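Student: Please find one structure pasted underneath; my questions will follow.
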Amino acid sequence: MAIVTAPGRSPARSRAGAGRAARREAANGWLFVLPFVVVFLVAIVAPVGYAIGLSLFRDQLVGGTAFVGGANYLKALTDPALWGGVLRVVLFLVIQVPIMLIIALVAALALDSGRLRFAGAFRILLFLPYAVPGVVAVLIWGFIYGPRYGLAGSLNHALGAGLLEPLSPQWVLGAIVNIVTWEFAGYNMLIFYSALRTVSTELYEAAELDGAGPLRIVWSIKLPALRGAIVIATVFSIIGSFQLFNEPNLLKPLAPNAIVSSYTPNLYAYTLSFAGQQDNYSATVAIVMGVLTAVIAYVVQVRGMRRDAR
Amino acid sequence: MSALRAPAIDVRRARAPRRSVLLLAIMLLLTAYTLLPLLYLVVNSTKSLDDFFRTFGLAFGSGFALPANVAEVFTHDGGVFGGWLLNTLLYSVVGGGGAAVLATFAGYGIAKFRFPGRRALFAVILGAVAIPGTALALPTFLLFSNLGLTNTPWAVIIPSLVSPFGLYLMWTYTVDAVPSELLEAARIDGAGELRTFFTVSLRLLAPGFVTVVLFSVVATWNNYFLPLIMLSDPRWYPLTVGLAQWNAQSAQSTAQPIQNLVLTGSLISIIPLVVAFLLLQRFWQSGLAAGSVKQ
Numbered sequence: 001m002a003i004v005t006a007p008g009r010s011p012a013r014s015r016a017g018a019g020r021a022a023r024r025e026a027a028n029g030w031l032f033v034l035p036f037v038v039v040f041l042v043a044i045v046a047p048v049g050y051a052i053g054l055s056l057f058r059d060q061l062v063g064g065t066a067f068v069g070g071a072n073y074l075k076a077l078t079d080p081a082l083w084g085g086v087l088r089v090v091l092f093l094v095i096q097v098p099i100m101l102i103i104a105l106v107a108a109l110a111l112d113s114g115r116l117r118f119a120g121a122f123r124i125l126l127f128l129p130y131a132v133p134g135v136v137a138v139l140i141w142g143f144i145y146g147p148r149y150g151l152a153g154s155l156n157h158a159l160g161a162g163l164l165e166p167l168s169p170q171w172v173l174g175a176i177v178n179i180v181t182w183e184f185a186g187y188n189m190l191i192f193y194s195a196l197r198t199v200s201t202e203l204y205e206a207a208e209l210d211g212a213g214p215l216r217i218v219w220s221i222k223l224p225a226l227r228g229a230i231v232i233a234t235v236f237s238i239i240g241s242f243q244l245f246n247e248p249n250l251l252k253p254l255a256p257n258a259i260v261s262s263y264t265p266n267l268y269a270y271t272l273s274f275a276g277q278q279d280n281y282s283a284t285v286a287i288v289m290g291v292l293t294a295v296i297a298y299v300v301q302v303r304g305m306r307r308d309a310r
Numbered sequence: 311m312s313a314l315r316a317p318a319i320d321v322r323r324a325r326a327p328r329r330s331v332l333l334l335a336i337m338l339l340l341t342a343y344t345l346l347p348l349l350y351l352v353v354n355s356t357k358s359l360d361d362f363f364r365t366f367g368l369a370f371g372s373g374f375a376l377p378a379n380v381a382e383v384f385t386h387d388g389g390v391f392g393g394w395l396l397n398t399l400l401y402s403v404v405g406g407g408g409a410a411v412l413a414t415f416a417g418y419g420i421a422k423f424r425f426p427g428r429r430a431l432f433a434v435i436l437g438a439v440a441i442p443g444t445a446l447a448l449p450t451f452l453l454f455s456n457l458g459l460t461n462t463p464w465a466v467i468i469p470s471l472v473s474p475f476g477l478y479l480m481w482t483y484t485v486d487a488v489p490s491e492l493l494e495a496a497r498i499d500g501a502g503e504l505r506t507f508f509t510v511s512l513r514l515l516a517p518g519f520v521t522v523v524l525f526s527v528v529a530t531w532n533n534y535f536l537p538l539i540m541l542s543d544p545r546w547y548p549l550t551v552g553l554a555q556w557n558a559q560s561a562q563s564t565a566q567p568i569q570n571l572v573l574t575g576s577l578i579s580i581i582p583l584v585v586a587f588l589l590l591q592r593f594w595q596s597g598l599a600a601g602s603v604k605q
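Chains A and B are the protein sequences, given in the same order.
According to our numbering, the first sequence is numbered sequentially starting from 1.
According to our numbering, the second sequence is numbered sequentially starting from 311.
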């Protein structure tokens, strides 16, 4: 090994020696990367390719499986069940993402302010929901929402009226907004907080010398420094909203009248495949949603970054 | 980083010793909101089914039924819960742990070796960071069911093995923590690349590796959609799918009520992760910092 490496390091390296060293470096590189690449192909590339293939066929009552080209996509583009779900998740994200990110931002700025007592304890406590499985979070909130023996029920009983009905058709989307906000506000707080810690304190000191108050420092230094982190958090939140599945699927048994099987696009694709045996169409819906999510996330990122450059 | 920041914090404290009551009030409110469901979970895990139905949600019941509830959780339905716990451990350790190992190898390989296709490979993998697991789960299920892999542990483990974000984190970490001169020196000493990796680099990469292990284990531990669609035999369920099934059962008015089991089982399922997060604070915080700095 050393003998082969040495010529590469000596000033009078021969062309053949350099070529051999480069080849060996390439071989070693692939050795490290290969296990990941194999799993990447099996668990990401192949399923996506297979789903695209499936989406081009259709199971017909007569004649078995037939190639139908883009017919499944045409059906998806005009499917009211799918687009009803898309509208619902758009409504959801327009409400939920700003609420969650503002909570996370306020908490992160408070942690970073240097004026908060017990900052370390608050940081851990607010992050705790991240360690709670989403399923368990929905189960607990489902109990709390319960009209008969949950906290909502107790409150209604105390007030003598059906004031709080989180599982009713009008309110169930709000109930989901609350659960998702509870799950991820602390996580986003830590992302913002970590980004704030990278700002040089000299900037703050200089600003203070110039007579800037704490709010001015937040507005002129901290928020601009957080712009990248906010854009990324927004993109991930939008992706998450479009993929909404766990919360409606787990609340469905508790609120069967409020949550239909096409409540979100993902729930719809799941139902198509598992209850309807329509794998081809289910694959089409999954791909349409994947592309839609990617495009929207991309647009948000580009717009966010462009504002950054200005 | 913390070493660099420490004096700065002291300066800030010295200059602005005033503590804000308003900030404290806001944070107390947020903490109350955060802890409410967890408090509800703990309180109700100590109640018998009878007390659960009859007493106020945040008040303790007439007796302390937690031990009885725990015993019932592990014996109900032929002791299926213990199996779910073991399955979750298996999927998290093999799937999540394996994901961290593969991500570390590959992140290191991309950071420290030049080979044809490296940039393209990295770009494709980074693109895959944005693909959410739930969007991939259904296509993966369709493929695996065609291959006859569904309803086996592999159906959950194989998709859990790939973590593009973990690779990205380990790439960042390698670039920062492993100096190329050190590798060059090891090469001149005649060490093979694998030996260099295990004896020199891995020690430097340890904090990053623990971070990625933690995140990928948590992701696998908490996964619901993938095992839900992949597994039909309750014996292979992880905790998430099993608990959801118990909950759906108890929500039916005709079924035997087992709300106490759903609550106590939920409490048992979150304790290991909460403990892990509290003990390993340093690691996940540095991981989050790396993720937010390098975007």
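Cβ coordinates follow ideal geometry from the N, Cα and C atoms, glycine included.
As the structure is a prediction and not an experimental result, all values here were calculated from the model.
Can you list, in chain order, the residues of its chain whose CB lies under 8 Å from that of leucine 515 of chain B, leaving out five sequence neighbours each side?
Tutor: Thr414, Tyr418, Met480, Tyr483, Thr484, Ala487, Val488
Student: Please state whether DSSP places threonine 341 of chain B in a helix, a strand or coil.
Tutor: helix
Student: I'd like to check one pair, valine 353 of chain B with phenylalanine 374 of chain B: are the Cβ atoms closer than 8 Å?
Tutor: No.
Student: Do you know whose CA, among A:Gly150, A:Phe274, A:Gly29, A:Ser237, lies nearest tyrosine 350 of chain B's CA?
Tutor: A:Gly150
Student: Of the choices A:Leu139, A:Leu190, A:Ser282, A:Arg303, whose alpha-carbon is the least far from that of methionine 100 of chain A?
Tutor: A:Leu190
Student: Do the CB positions of tyrosine 187 of chain A and phenylalanine 127 of chain A come within less than 8 Å of each other?
Tutor: Taking C-beta atoms as the reference points, tyrosine 187 of chain A and phenylalanine 127 of chain A count as a pair closer than 8 Å.
Student: Secondary structure at aspartate 59 of chain A, three-state DSSP: helix, strand or coil?
Tutor: In the three-state scheme derived from DSSP, where H, G and I count as helix and E and B as strand, aspartate 59 of chain A is classed as strand.
Student: Does DSSP classify threonine 65 of chain A as helix, strand or coil?
Tutor: Three-state result, threonine 65 of chain A: strand.
Student: Would glutamine 569 of chain B be called buried (16 or more neighbouring beta carbons within 10 Å of its own) or exposed?
Tutor: buried
Student: Along the chain, where does the alpha helix (DSSP H) containing lysine 422 of chain B start, and where does it finish?
Tutor: Note, lysine 422 of chain B: alpha helix (DSSP H), 407-422.
Student: Whole-angstrom Cβ separation of phenylalanine 36 of chain A and leucine 553 of chain B, contact assumed at under 8 Å?
Tutor: Wrong, their Cβ atoms sit about 32 Å apart, outside the cutoff.
Student: Taking a contact to mean a Cβ-Cβ separation below 8 Å, would you say alanine 255 of chain A touches valine 172 of chain A in this structure?
Tutor: Yes, they are a contact pair.
Student: Quick one: which residues of the region 522-554 of chain B get their C-beta closer than 9 Å to a C-beta of chain A? List them in chain order.
Tutor: Val528, Trp531, Asn532, Asn533, Tyr534, Phe535, Leu538, Ile539, Leu549, Thr550, Val551, Leu553, Ala554
Student: From this set, A:Ala18, A:Arg20, A:Gly17, A:Glu25, which residue's C-alpha is nearest glutamate 503 of chain B's C-alpha?
Tutor: A:Glu25
Student: Closest to valine 300 of chain A by C-alpha separation, out of A:Ala233, A:Asn266, A:Val89, would be which residue?
Tutor: A:Ala233
Student: Rounded to whole angstroms, how far is the Cβ of leucine 139 of chain A from the Cβ of leucine 56 of chain A, which I believe are closer than 8 Å?
Tutor: Not quite, the Cβ-Cβ distance comes to about 39 Å (not below 8 Å), so this is no contact.
Student: According to the Cβ coordinates, are phenylalanine 40 of chain A and phenylalanine 423 of chain B closer than 8 Å?
Tutor: no
Student: When the distance is taken between beta carbons, is serine 154 of chain A closer than 8 Å to phenylalanine 366 of chain B?
Tutor: In this structure, phenylalanine 366 of chain B sits near serine 154 of chain A, with a CB-CB distance shorter than 8 Å.
Student: Roughly how many angstroms lie between the CA atoms of phenylalanine 391 of chain B and isoleucine 259 of chain A, to the nearest whole one?
Tutor: The alpha-carbon atoms of phenylalanine 391 of chain B and isoleucine 259 of chain A are separated by roughly 28 Å.
Student: At 9 Å on the CB atoms, spell out the chain B contacts of serine 336 of chain A, in chain order.
Tutor: An answer regarding residue 336 of chain A cannot be provided, because it is not within the stretch 1 to 310 covered by chain A.
Student: With a 10 Å radius around its C-beta and 16 neighbouring C-beta atoms as the bar for buried, classify valine 527 of chain B as buried or exposed.
Tutor: buried
Student: Between alanine 104 of chain A and serine 576 of chain B, what straight-line distance do the alpha-carbon atoms span, to the nearest angstrom?
Tutor: 26 Å
Student: What is the DSSP secondary structure of arginine 328 of chain B, counted as helix, strand or coil?
Tutor: Arginine 328 of chain B carries a coil assignment under DSSP once its states are collapsed to helix, strand and coil.
Student: For the structure I just gave you, are there three or more beta carbon pairs, one from the region 257-276 of chain A and one from the region 40-54 of chain A, closer than 8 Å?
Tutor: no
Student: Less than 7 Å between C-beta atoms, sequence neighbours within five positions excluded: which residues of the same chain meet that for arginine 9 of chain A?
Tutor: The predicted position of arginine 9 of chain A is uncertain, since its pLDDT is 45 and thus under 50; no value can be drawn from it.
Student: Could you spell out where the alpha helix (DSSP H) holding glycine 367 of chain B opens and where it closes?
Tutor: In the DSSP assignment, glycine 367 of chain B falls outside any alpha helix (DSSP H) and carries neither an H nor an E.
Student: Could you name the residues of chain B that serine 273 of chain A contacts, counting a contact when the two beta carbons are closer than 9 Å?
Tutor: Ordered by position in chain B, the residues that pass the 9 Å Cβ test against serine 273 of chain A are Leu448, Phe451, Leu452, Ile539.
Student: Comparing C-alpha positions only, which one of B:Leu573, B:Val585, B:Thr398, B:Phe454 sits nearest to leucine 359 of chain B?
Tutor: B:Leu573
Student: With 8 Å set as the bound, which would you pick, yes or no: does the beta-carbon of threonine 444 of chain B sit closer than that to a beta-carbon of chain A?
Tutor: yes
Student: Report the neighbours of arginine 328 of chain B on chain A: residues whose CB is nearer than 8 Å to its CB, in chain order.
Tutor: Arg115
Student: Which word fits methionine 540 of chain B, buried or exposed, when buried means at least 16 other C-beta atoms lie within 10 angstroms of its C-beta?
Tutor: A residue is called buried when at least 16 other Cβ atoms come within 10 angstroms of its Cβ; methionine 540 of chain B meets this threshold and is buried.
Student: For alanine 175 of chain A, report the span of its alpha helix (DSSP H) as first-last.
Tutor: 172-197
Student: Exposed or buried, leucine 446 of chain B, counting other C-beta atoms within 10 Å across all chains shown (16 or more means buried)?
Tutor: buried
Student: Ignore the nearest five residues each way along the sequence and tell me which others in phenylalanine 593 of chain B's own chain have a CB closer than 8 Å to its CB.
Tutor: Pro517, Val520, Thr521, Leu524
Student: Select from the region 130-146 of chain A all residues with a C-beta closer than 9 Å to any C-beta belonging to chain B, and list them in chain order.
Tutor: Tyr130, Ala131, Val132, Pro133, Gly134, Val135, Val136, Ala137, Val138, Leu139, Ile140, Trp141, Gly142, Phe143, Ile144, Gly146
Student: Using beta-carbon positions only, say whether valine 106 of chain A and isoleucine 498 of chain B come within less than 8 Å of one another.
Tutor: no
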